Amino acid sequence: DQQVKQNSPSLSVQEGRISILNCDYTNSMFDYFLWYKKYPAEGPTFLISISSIKDKNEDGRFTVFLNKSAKHLSLHIVPSQPGDSAVYFCAASANRGGYQKVTFGTGTKLQVIP
Amino acid sequence: DGGITQSPKYLFRKEGQNVTLSCEQNLNHDAMYWYRQDPGQGLRLIYYSQIVNDFQKGDIAEGYSVSREKKESFPLTVTSAQKNPTAFYLCASKASAGGFDEQYFGPGTRLTVT
Numbered sequence: 001d002q003q004v005k006q007n008s009p010s011l012s013v014q015e016g017r018i019s020i021l022n023c024d025y026t027n028s029m030f031d032y033f034l035w036y037k038k039y040p041a042e043g044p045t046f047l048i049s050i051s052s053i054k055d056k057n058e059d060g061r062f063t064v065f066l067n068k069s070a071k072h073l074s075l076h077i078v079p080s081q082p083g084d085s086a087v088y089f090c091a092a093s094a095n096r097g098g099y100q101k102v103t104f105g106t107g108t109k110l111q112v113i114p
Numbered sequence: 115d116g117g118i119t120q121s122p123k124y125l126f127r128k129e130g131q132n133v134t135l136s137c138e139q140n141l142n143h144d145a146m147y148w149y150r151q152d153p154g155q156g157l158r159l160i161y162y163s164q165i166v167n168d169f170q171k172g173d174i175a176e177g178y179s180v181s182r183e184k185k186e187s188f189p190l191t192v193t194s195a196q197k198n199p200t201a202f203y204l205c206a207s208k209a210s211a212g213g214f215d216e217q218y219f220g221p222g223t224r225l226t227v228t
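So the sequences go chain by chain: A and B. With this note's numbering, the residue at position 112 of the first sequence is 112, and numbering never jumps. Heads up, this note's numbering is the position in the second sequence plus 114, with the first residue counted as 1.
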């Protein structure tokens, strides 16, 4: 049962344009959402997060939008740069008896073309 | 520099042998985690530890064992009972298991069992 879904395994975008990565979830108990970026043969690094009480969070070129009614999350990167080429994982967190259990999506591979 | 180290980066074992993957952190984090990543799949939780001398099974704990005798260390043993041990293993830590903060990941260990 895949509770966090990233339906696009890959995405190609021209340098300077906007990259939009999407994520859908099914569990309404998720109360915190995160995006991680991963380069090959490395561990993921945290990018940006959003609480379920907000609908937008911005950090420089990165903006995360949350639509709770649609159970949909998106990450916008503007403008996209070649160094943004990586796999992006969406993650969602829910409280399980004092412990925040994190569920990861399957990832979207972003390629930014110079 | 604070961070998480995993060693070795690549590990090769014969089928039927147990193997232990190392994970050390100097971030003074309470919580530590082990995930495995397979092609086309997200990160799946094997075991987690909220505090020293405590650990809990994750979603795919069968065939694995862990210990948490020191705050800094959370080694993972892949036993011969694990049916498909070949994978990329990631260790992570977090300041506290119940907090709304991100996980910090190590660089990963790629285990190949033949």
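No residue lacks a Cβ here, since even glycine has one placed at the ideal position from N, Cα and C. Computed from a predicted model, the values in this text were never measured in an experiment.
Same chain only: Cβ atoms within 6 Å of residue i, ignoring 5 sequence neighbours per side
| i | result |
| --- | --- |
| VAL133/B | ARG127, VAL192 |
| LEU219/B | Just to set this straight, residue 219/B is Phe in the shown sequence, not Leu. Here the set comprises LEU204, ALA206. |
| PRO79/A | GLY16 |
| GLU138/B | THR119, GLU186, SER187 |
| VAL13/A | SER19, SER80, VAL112 |
| VAL227/B | ARG127, GLU129, PRO199, THR200 |
For residue i, three-class secondary structure by DSSP
| i | result |
| --- | --- |
| ASP24/A | strand |
| ASP84/A | helix |
| ASN7/A | coil |
| GLN111/A | strand |
| HIS143/B | coil |
| GLN100/A | strand |
| LYS38/A | strand |
| GLN131/B | coil |
Exposure label - residue i; buried when at least 16 CB within 10 Å
| i | result |
| --- | --- |
| GLU183/B | exposed |
| ILE50/A | buried |
| THR108/A | buried |
| GLN131/B | exposed |
Nonlocal neighbours in the same chain, by C-beta distance under 7 Å from residue i, ignoring five residues either side
| i | result |
| --- | --- |
| LYS197/B | GLY177 |
| PRO221/B | GLN120, LYS123 |
| SER181/B | PRO189 |
* To do: Specify whether the stretch 80-90 of chain A and the stretch 23-43 of chain A touch according to this definition: at least 3 beta carbon pairs, one from each stretch, less than 8 Å apart.
  => yes
* Do the stretch 155-163 of chain B and the stretch 100-110 of chain A meet, that is, are 3 or more Cβ pairs less than 8 Å apart? -> yes
* When Cβ atoms are compared, which residues of the stretch 187-205 of chain B fall closer than 9 Å to chain A? -> PHE202, LEU204, CYS205
* Under 9 Å (Cβ pairs) to chain A, residues found in the stretch 155-169 of chain B -> GLN155, GLY156, LEU157, ARG158, LEU159, TYR162, GLN164
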